[in-house]
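Trainee: Top to bottom, those sequences are chains A and B. Just so we're aligned: the first sequence equals residues 1 to 374 in the UniProt record's numbering. Just so we're aligned: the second sequence equals residues 1 to 525 in the UniProt record's numbering.
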Amino acid sequence: MSQQRIPAWITVGVIPLANVALAAFAAGLVFWYLDINPFDALGTMAYGAFGSSYGWGYTLYYMTSYIFTGLAVAVAFQCGMFNIGGEGQAYIGALGVGLVCLALGGHVPFIILLPISIVAAAVFGALWALIPAWLQATRGSHIVITTIMFNFIAAALMNYILINFLKPDGTMSVESAVFHESAWIPKMHDVLAVFGISLDRSPLNLSIFWSLFVAWAVWVFLWRTRWGYEIRTVGSNATGAQYGGIGIPRVVILTMLVAGGLAGFMALNVVQGEAHQIKLNLVNQMGFTGIAVALMGRNHPIGIVLASLLFGFLTQGGSELQFEYSIDARIVVVLQGLVILFSGALQNMMKHPIERLYLTLANRSGSDQAAAEA
Amino acid sequence: MTAQTDSAADLALELRGIDKSFGAVRANKHIDLKVEKGTIHGIVGENGAGKSTLMSIIYGFYQADKGDIFVDGQKLQIKDSKTAISAGIGMVHQHFMLIQNFTAIENVVLGAESGNLIDDSLKKARAEMEHLAKEYGLEVPLDTPVEELAVGYQQRIEILKALYRGAKILILDEPTGVLTPQETEHLFKVLQSLKEQGTTVILITHKLREIMAATDNVSVMRQGEMVAHVRTQDTSREQLAELMVGRKVLLRVEKGASTVGDVKLSMDHVSLTDHMGVKRLKDVSLNVRAGEIVGIAGVSGNGQSELLEALAGIRAINEGEIDLNGHKVTADHRLSPSEVRKVGVGHIPEDRHRMGLINAFPAYEAFVLGYHRSPEYNGKIQMKQKSMIDDCAEKMERWDVRPQDPYLKTANFSGGNQQKLVIAREVEQNPDVLLIGQPTRGVDIGAIESIHKRILDMRAAGKAILLVSVELDEIRSLADRILVMFDGIIVGEVPADKADERTLGLMMANIVPEEVKALQAEETA
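The structure is reproduced here in C-alpha cells:
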C-alpha cells in the first residue's frame, strides 16, 4: 500500500521541460498575433542568443547575474522566507564594489583588489538585508513587505549618494567616475585572446566562474553543513526546529545575511566586470527576475544555473527579436512572464497529469514483470 | 440483481465487491459487508487499513470504482452525501463539524431548515430534540453556544443532527477518542437504546475493548481488505488483534520489577500562562525517580502538552521551580531545548509530525534533529554525511525500523516506524530522564507492543520516565504511579495497582473518589 515515488528525472527534467514547451507554445500564439512567423521568431532568438560568440557572450553575461540573484531568493526560500529584496541588495552591493574600486583602483594590484571587492559586495548586500531580517526575527514584521520597501529605500539612497558624492563635477549624467582600468574584472574575450582563441567583444567576464563556484558553495552550505541543516529545518517545520533546540531568530538573520550577500555579488559582474562605474538603475530588474529564476530552478543551485541560462537566452534572444522585427522592447518581459506563468503559477497543471501517466506506465510494466516472475 | 435472498431483507446495509484506488494505492479491495438491521456493527483495523475510505464511500464523499451498495435491500447509487442522508444514513465524524458560536439547536437545524423563517424550524427542532433526548438519553443544553459545551455534549449534538435528518443507519468514526471513560459508557448506553428502537449503528474504532463491550458483530479490515466477519460473542480481543495484524500480538506487556532510585525530575509549584494569557498549568508539583514510570492521565487538552513542553525547555514557566537531573529551571533562569538535552533529558514529543520529525527530510537527517551540532556528526565545516547515515542505519536495525533505508523520506515511513525513529533517536543518547508524550498515537497495534516493551526496558535500565498519554490502558499497563490532570491542575495521584477505570475516569472530570482521598491522607500522615 506504500505510495509509489516519482523519480527525480521526472520532477526536475520532464516536468520543467513540458512547462517551458507550453510557454513556448503560448509565445508562439503571441507572435502569430503580431504577424510574425513563430518559427522564424524562435529561430531569430536562438541565433541571437547562441548563434555567435557575441550572442553567447551576452547570454552567459546575463546568466551570471541571474545565478546570483536567483540564489539570493533560493537560500531565503529554503528557510521559508520570500526575499523580494534582491533588487535593493544588489544595488547596495554595487555601492560597496564601486567604493572599493574607486578608492583602490590604480593603487593596489588587481589580485589584491578583487578579494576586497568580493567581500565588499557581500558585506554591503548583507547589511541591506540585515534590517528586514532583524525586524522579521524579533518583531515578526513580514519579510516580503520590508524587503520590498527596502528596494525603494535603496533606490532613493543611491540617487542621493550618486548625485551628491560620486558624480564627478562637471558631468551631467548621474553616474560615478569610471574606475581605474586595473580594477576591472577581465573580459572573457580578452583572456581567451591570450590563448589565441578569438571571440567577439561581449560583456562576458570572469565573474561567470565565481557565479558557478558560488552556486556549488551554496549547495554545500545548504545540504552539507549544520548551518544549512538548521536553515532547511526552520524552513520546513518551525515547530520541529524549536523542539530541536534551533534558535529561529538567529537562523532567520543568518539566512538573510547570506541571501543579501549573494545578491550583492551580482554587482561584480555588472559593475566591476562590465560598466566599470556605478550607474543609476544598474540592477535593472535583474533582482526581480531572480525570483522567477529561483521559482523555475526549484530553489536548488543546479536548477538555478539552468534556469539562469534559460532567462539569459530569453533576455538576449528577446533583444535580438526586438532589433530584427522592431517590436516593443517589452516583448522580453512578455516572454519571461509566460515562462513564469507556466513554470511557476501553473506548474501543477502539468505535474499531476505527467505523474499519473508515469505511474500508469510504471504499474503496467511492473505488473508485466510480476507476471513474468510468477 | 433484483432478486434478493431471504436474509437480505434483514440487512440494513450491504456492500458487494467495493473497489477504490487513489492513484497507485488500492485503499479498498473487493470489500463485501453485511450489516444486519437493528444491530451495532463494529469495524476494526489499523491505521490505513481502509476503514475511513469505505465509510466515505457509503456516505457519498467518494465514489467506488467498482461494486454495489444496497440500503434496505435496494441498490443505491450514492453520488453525494445528500443521497446518503435521504437514504437514511447519518455520520458522526471523528472531528466534529459544528459551528462553534451556534447553539445546539441551531447546529441541528443548519442545512435542514424548512420554510422561509428560521423560527418555525427552530420550534419544530426543539420539540423533536426534547423527544429524542428523553427516548435515548441524549440530553444537551439546547440554548448554549457549542463552544461552551464539553466534548461529550458536542458529540451528542452530532448524533442528534444525524437523527434529526432521519438517520436509520448511524456511522460513528472513532467516537471515543476524546471522551472520558464515563462519557464513553454513556455513549454506549445511547447506542444501545438507539439499537433497541431499530436504528442500525456502525462503529469504527481501533479500541478492541470497546468493540467487545458495545457491538453485536464485527468486521476486521487489513490492508484494504475485509479479512473476517464474526459475531462479537464468538471472538476475543486477542483473536481480533491477530486478525488485524496478521500475526499473534501481546496486548499487555509483562511489567518486571525495578529498583527505584533518587529523584531525577521534579516540579515545585509550577505555573504557566500561555501567550494568549490563559493559565495552562496551575501550581503543579510532582517528582519522578530513577527506575520508575510516572503516568499523566487526563482528557486531551488539560495541560499535559504544556507540562511536557515546559520540562523540555520549549515553553517558559511563570512561577515555581523545575529540577531537571540536578539543574534548576525557574521563570528567570530558562534552559533552552538544546541545554535540556545536554543535562541528560530526552524528549519524545506528543506529535511526531509537528515536532519530532521533519517530514520532508530523508530519515538520516530527521534522525539527528536536536543532536545535529554534536561532534560525532560534524567536521570543521561540513557535516559527516557518512557517520550520520551509518549511525542511522545501525540504529534502524537495532530498533527494527522498516524499511531500513536511511535515505527514505521521513514522511514515507508508517506511523509506527516514524515513532520508532523518534524513540531510537532520543533513547540512544542515553539520557537519565525521558519525557514521553503519546508514544503510540497513530501507531499500528503490532508496533505498540514493541514500543511498550522498549519503554519498560528503559525503566529497568534505571531511567526516570514521565509518560503522558490519553490512552488509559497504556498508562495503566506501563506506569508505576498515575497522576491525573484536569484544567491545568493535578487532581490527584493513584498507584497503578489501585487505578481502575472508574477511579481514573472520575478524576479526569475533577472528582476525587473517597478511596483516593484516604490514600493521599495516608501518605501525608
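Quick reminder that beta carbons are idealized off the backbone N, C-alpha and C, glycines included.
Using C-beta distances below 6 angstroms, list every residue in its chain close to residue 396 of chain B, excluding the 5 sequence neighbours before and after it, in chain order.
Mentor: 404
Trainee: With 9 angstroms as the C-beta to C-beta threshold (strictly closer), list the residues of the region 362-378 of chain B near chain A in chain order.
Mentor: Considering only beta carbons, the part of the region 362-378 of chain B lying closer than 9 angstroms to chain A consists of 365, 366, 368, 369, 370, 371, 372, 373, 377, 378, in chain order.
Trainee: Quick check: what's the CA-CA separation for residue 9 of chain A versus residue 351 of chain A?
Mentor: Using only the alpha carbons, I get a separation of about 13 angstroms.
Trainee: Within a Cβ cutoff of 6 angstroms, which residues of the same chain sit near residue 228 of chain B, ignoring the five residues on either side of it in sequence?
Mentor: 220, 243
Trainee: For residue 333 of chain B, tell me which candidate among B/323, B/241, B/341 has the shortest Cα-Cα distance.
Mentor: Selection B/323, B/241, B/341 evaluated against residue 333 of chain B yields B/323 as nearest (Cα-Cα).
Trainee: Beta carbon of residue 160 of chain A, beta carbon of residue 365 of chain B: below 8 angstroms?
Mentor: no
Trainee: Just the chain A side, please: which residues come within less than 7 angstroms of residue 383 of chain B by C-beta, in chain order?
Mentor: 224, 225, 226, 229
Trainee: According to DSSP, is residue 215 of chain A helix, strand or coil?
Mentor: helix
Trainee: Going straight from the alpha carbon of residue 168 of chain B to that of residue 88 of chain B, what length do you get?
Mentor: 5 angstroms
Trainee: Measure from the alpha carbon of residue 103 of chain B to the alpha carbon of each residue in B/142, B/112, B/84, then state which is nearest.
Mentor: B/142
Trainee: Give a yes or no on whether 8 angstroms exceeds the smallest Cβ distance from residue 11 of chain A to chain B.
Mentor: no
Trainee: Three-state secondary structure (DSSP) at residue 486 of chain B?
Mentor: strand
Trainee: Is any beta-carbon of chain A found at less than 8 angstroms from that of residue 357 of chain B?
Mentor: It does: the Cβ of residue 357 of chain B has a partner Cβ on chain A nearer than 8 angstroms.
Trainee: Can you check whether the CB of residue 13 of chain B is closer than 8 angstroms to the CB of residue 35 of chain B?
Mentor: In contact: residue 35 of chain B and residue 13 of chain B (Cβ atoms closer than 8 angstroms).
Trainee: Consider the Cβ of residue 243 of chain A: report whether some Cβ of chain B lies at a distance smaller than 8 angstroms.
Mentor: yes
Trainee: Report the three-state DSSP secondary structure of residue 313 of chain A (helix, strand or coil).
Mentor: It is helical.
Trainee: Let me check understanding here. Comparing Cα to Cα, which of A/107, A/349, A/99, A/291 lies closest to residue 277 of chain A?
Mentor: A/99
Trainee: Tell me whether the region 276-284 of chain B and the region 251-264 of chain B touch, counting them as touching only if at least three CB pairs, one residue from each stretch, are closer than 8 angstroms.
Mentor: no
Trainee: Less than 8 angstroms between the CB atoms is what I'm expecting for residue 125 of chain A and residue 261 of chain A, so what's the real figure, rounded?
Mentor: The C-beta distance from residue 125 of chain A to residue 261 of chain A rounds to 5 angstroms, short enough to fall under 8 angstroms.
Trainee: For the pair the region 190-200 of chain A and the region 210-218 of chain A, tell me if three or more CB-CB distances fall below 8 angstroms.
Mentor: The region 190-200 of chain A makes no contact with the region 210-218 of chain A: fewer than 3 CB pairs, one atom from each, lie closer than 8 angstroms.
Trainee: Can you tell me whether residue 298 of chain B is helix, strand or coil according to DSSP?
Mentor: Of the three classes helix, strand and coil, the one that applies to residue 298 of chain B here is coil, per DSSP.
Trainee: Taking only beta-carbon atoms, is residue 402 of chain B less than 8 angstroms away from chain A?
Mentor: no
Trainee: Going along the chain, which residues of its own chain have a beta-carbon closer than 7 angstroms to the beta-carbon of residue 513 of chain B, five neighbours each way excluded?
Mentor: 503, 506
Trainee: Judging by CA-CA distance, which residue of B/119, B/295, B/458, B/305 is the nearest neighbour of residue 483 of chain B?
Mentor: B/295
Trainee: Strictly below 9 angstroms CB to CB, what residues from chain B border residue 236 of chain A?
Mentor: 358, 359, 360, 361
Trainee: Excluding the 5 residues flanking residue 283 of chain A on each side, which residues of the same chain have their C-beta closer than 6 angstroms to its C-beta?
Mentor: 87, 90, 91
Trainee: Who are residue 468 of chain B's beta bridge partners in DSSP?
Mentor: B/296, B/437
Trainee: For residue 136 of chain A, list the residues DSSP reports as bridge partners.
Mentor: Residue pairing from DSSP leaves residue 136 of chain A without any beta-bridge partner.
Trainee: Residue 371 of chain A to residue 359 of chain A, Cα distance in whole Å?
Mentor: In this prediction, residue 371 of chain A has a pLDDT of 48, which is less than 50 and means its spatial position is unreliable; nothing more can be read from the coordinates.
Trainee: Could you round the C-beta distance between residue 110 of chain B and residue 99 of chain B to whole angstroms and report it? I think they count as a contact, below 8 angstroms.
Mentor: 7 angstroms
Trainee: Quick check on residue 302 of chain B: buried or exposed, where buried means 16 or more other Cβ atoms within 10 Å of its Cβ?
Mentor: buried
Trainee: Flag this pair as yes or no: are the beta carbons of residue 84 of chain B and residue 62 of chain B separated by less than 8 angstroms?
Mentor: no
Trainee: Per DSSP, which residues does residue 41 of chain B bridge with? Please list them.
Mentor: B/202, B/217
Trainee: Here's the rule I'm using: 16 or more other beta-carbon atoms within 10 Å means buried, otherwise exposed. How should residue 19 of chain A be labelled?
Mentor: Classification for residue 19 of chain A: buried.
Trainee: Could you check whether the region 291-306 of chain A touches the region 65-84 of chain A, counting it as contact only if at least three pairs of C-beta atoms, one from each stretch, sit closer than 8 angstroms?
Mentor: yes
Trainee: Does the distance from the CB of residue 306 of chain A to the CB of residue 297 of chain A come in under 8 angstroms?
Mentor: yes
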